[in-house]
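Under this note's numbering, residues 684 to 1136 are what the sequence shown spells out, in order.
C-beta atoms are modelled at their ideal positions from N, C-alpha and C, and glycine is treated no differently.
In what follows, a structure is listed as structure tokens, so that the remarks can point back to it.
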Amino acid sequence: MSMTPNQEEEIIRFIENCFVDNHGKIHTMITPTFSNPRTIDELLKDDCMKKGASIDASSVGFALVNQSDMRLKPDPKAIYELPPITSKQYPEKNHRRILVFANIVGKDSGKPFDSDGRYILQKNVDKYLTSKGLRMTVKVEPEFFLLDKETLQPLDQMKYSTAFPFSIGQAFIMDLSRELIRLKIPVQVLHHECGHGQYEIELNHENVVKQADNVIVFKNLAHCIAEKHGIVVNFMPKPFINQAGSGQHVHIRLYKKDDNSNEEVSLFGNPQKEDELSAEGESFIAGLLKHINAITAVANPTINSYKRMVPNHEAPTSAVWGYKNRTALLRVPLISNWKEAAVEIRSPDNLCNPYLLFSVLIASGVSGVEENLKAPPCRNDNIFNLDLEKEGIKALPSTLIDAIKEFEKDPLMKEVFTEHNCEMFIKAKTTEWEKYIHHCITDWEFQRYSKLM
């Protein structure tokens, strides 16, 4: 019996087995379904979910070419139905787009691949959170520029919280947010940011592995919808020298089960002084500050990252914390309810791998709590106006190579990533730095030096 065109379009014919490389870039291997499933429940029973897909791990920098046979194992709890893909040959037909996050495993052994960022995060969640009766949620605040497709210049000349019709990108951020909400990715607020053509969509609190998946979906979906709007979305930390940079602030909440009630309570909240952090919250901050130089290599992993991290442009440049202080690296947002107390780290940018970033934040913060570290006094003044050396304040690494050297010295990083993965990360980033220093001629250099006698 033949199917109607509508019935034909209901069939899920392919799934995209998705994984993320160490640079945070999404990759997919597309496999066909076998049983013509029409619903996600039917898809879960299809053989494609059992078989997954083979990959050449050497082609994405995960393994040597003679040790590169791996397999993608789909995670049935991480399925997203993205907007359909329209066929160019048959414009009246749509392909349902099903993205399934997969874990990378050995092709023969079936054991988790220890360089897979998603597995690294899952492993650190088990080690530092689940095994200790803790749970962490994170909110992320990705900023990005919308550009004209022809000129690659900002879409508008507006500033913070500008309204439509002057905020030309509002239709885009509304369409993107509507798709995110349909996918049950929690959107909190969307608005124009400080830079020309710069926008932000906040993804509200979610468990860390789920939120890392959400961040990857968010960026992929942003590119897809920008294409339909005939514009370009740019996630670079500093695409324009005379405009604000784009960060990806992360808000962290930590919960522990109460021994008496068996209910979750905030480990950061202070019921006696509701507008202050608990002792554990301050120790968590102390842990982040102890390891912040190494964290910077993961949170800001590109050459361009450090063009954003300069004084007086809202990006942090020194290792301090404060209440409600947007010039501080670590900010404690206004606490209106101690049960929702959070710590915000303001240095990360969109080019980081969220699985690796959340891993180092978990390990550093929880280690600070376990070691009962004492945080330095909070700072509520404008950090950008201070003499750091005079105040005894530690500056953050100012270049990628400085951050990589700090990463290499920090023993906790080897616990989080394993020694092998640390070596691979250091090698890749050192190579990137050397290519930039020795093989890249910038416009600035040409303008500055070409007319010197």
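Status (buried if at least 16 other CB within 10 Å, exposed otherwise) for residue i
{"i": "M857", "result": "exposed"}
{"i": "H934", "result": "buried"}
{"i": "P984", "result": "buried"}
{"i": "S1030", "result": "buried"}
{"i": "W1127", "result": "exposed"}
{"i": "M684", "result": "Note on M684: pLDDT 45, under 50, position unreliable in the model; the coordinate value appears next. Looking at its Cβ environment, which holds fewer than 16 other Cβ atoms inside 10 Å, M684 is exposed."}
{"i": "I695", "result": "buried"}
{"i": "C1123", "result": "exposed"}
{"i": "K940", "result": "exposed"}
{"i": "A895", "result": "buried"}
{"i": "R865", "result": "exposed"}
{"i": "S961", "result": "buried"}
{"i": "F828", "result": "buried"}
{"i": "R1131", "result": "exposed"}
{"i": "I698", "result": "buried"}
{"i": "L1034", "result": "buried"}
From the options, residue whose alpha carbon lies closest to that of residue i
{"i": "Y811", "options": "L904, L863, V1049, T714", "result": "V1049"}
{"i": "S1054", "options": "E1074, L971, K1088", "result": "According to the sequence provided, residue 1054 is Glu. The question's Ser does not apply to it. Nearest C-alpha to E1054: L971."}
{"i": "G816", "options": "Y938, H879, K734", "result": "Y938"}
{"i": "L1012", "options": "N1033, L950, N976, L1039", "result": "N976"}
{"i": "D839", "options": "V915, K1088, N705, R696", "result": "V915"}
{"i": "E1027", "options": "P1037, W1021, P1016", "result": "P1016"}
{"i": "V808", "options": "T1125, N1065, S1047", "result": "S1047"}
{"i": "E965", "options": "A1058, A854, Q871", "result": "A1058"}
{"i": "M919", "options": "E963, G878, D958", "result": "G878"}
{"i": "T714", "options": "Y989, L886, N700", "result": "N700"}
{"i": "G735", "options": "V1003, P720, V981, M712", "result": "M712"}
{"i": "I1084", "options": "H1103, E1102, I1120", "result": "I1120"}
{"i": "V870", "options": "F1129, H888, Q881, P767", "result": "H888"}
{"i": "V743", "options": "E997, P1094, H706", "result": "H706"}
{"i": "N1065", "options": "P994, N1036, W1021, S814", "result": "P994"}
{"i": "N1020", "options": "N1008, Q955, N897", "result": "Q955"}
{"i": "R818", "options": "K902, E947, L830", "result": "E947"}
{"i": "L1039", "options": "N987, A1002, N1104", "result": "N1104"}
{"i": "E957", "options": "W1116, A1025, G880", "result": "A1025"}
{"i": "I723", "options": "A740, I768, V783", "result": "V783"}
{"i": "T834", "options": "S850, W1116, G913", "result": "G913"}
{"i": "W1116", "options": "Y989, F855, C907", "result": "Y989"}
Assumed close pair residue i, residue j - CB separation to whole angstroms, cut-off 8 Å
{"i": "I738", "j": "L727", "result": "Not confirmed; about 22 Å, so no contact."}
{"i": "E824", "j": "E862", "result": "Wrong, their Cβ atoms sit about 18 Å apart, outside the cutoff."}
{"i": "R991", "j": "G928", "result": "3 Å"}
{"i": "I899", "j": "I709", "result": "5 Å"}
{"i": "A969", "j": "G1051", "result": "5 Å"}
Identity of the residues DSSP links to residue i by a beta bridge
{"i": "Y938", "result": "R818, S949"}
{"i": "E764", "result": "I781"}
{"i": "D958", "result": "D958 pairs with nothing; no bridge assigned."}
{"i": "H932", "result": "E824"}
{"i": "T769", "result": "N777"}
{"i": "I914", "result": "D831"}
Residue ranges of each alpha helix (DSSP H) within the stretch 967–1033, 4 or longer: Within the stretch 967–1033, the runs of alpha helix (DSSP H) that reach at least 4 residues and sit entirely inside it are, in chain order, 975–982, 988–991.
Which runs of the alpha helix (DSSP H) fall wholly inside the stretch 1039–1101 and span at least 4 residues, in chain order? Counting only runs of 4 or more, we get 1071–1074, 1083–1092, 1094–1100.
Which complete beta strand (DSSP E) runs does the stretch 686–745 hold, if anything under 3 residues is left out? Secondary structure in the stretch 686–745: the beta strand (DSSP E) runs of 3 residues or longer, each lying completely within the stretch, are 697–703, 709–715, 736–739 in chain order.
At which residue ranges does the stretch 801–882 contain complete alpha helix (DSSP H) runs of 4 or more residues, listed in the order of the chain? Listed in chain order, the complete alpha helix (DSSP H) runs (minimum 4 residues) inside the stretch 801–882 are 853–865.
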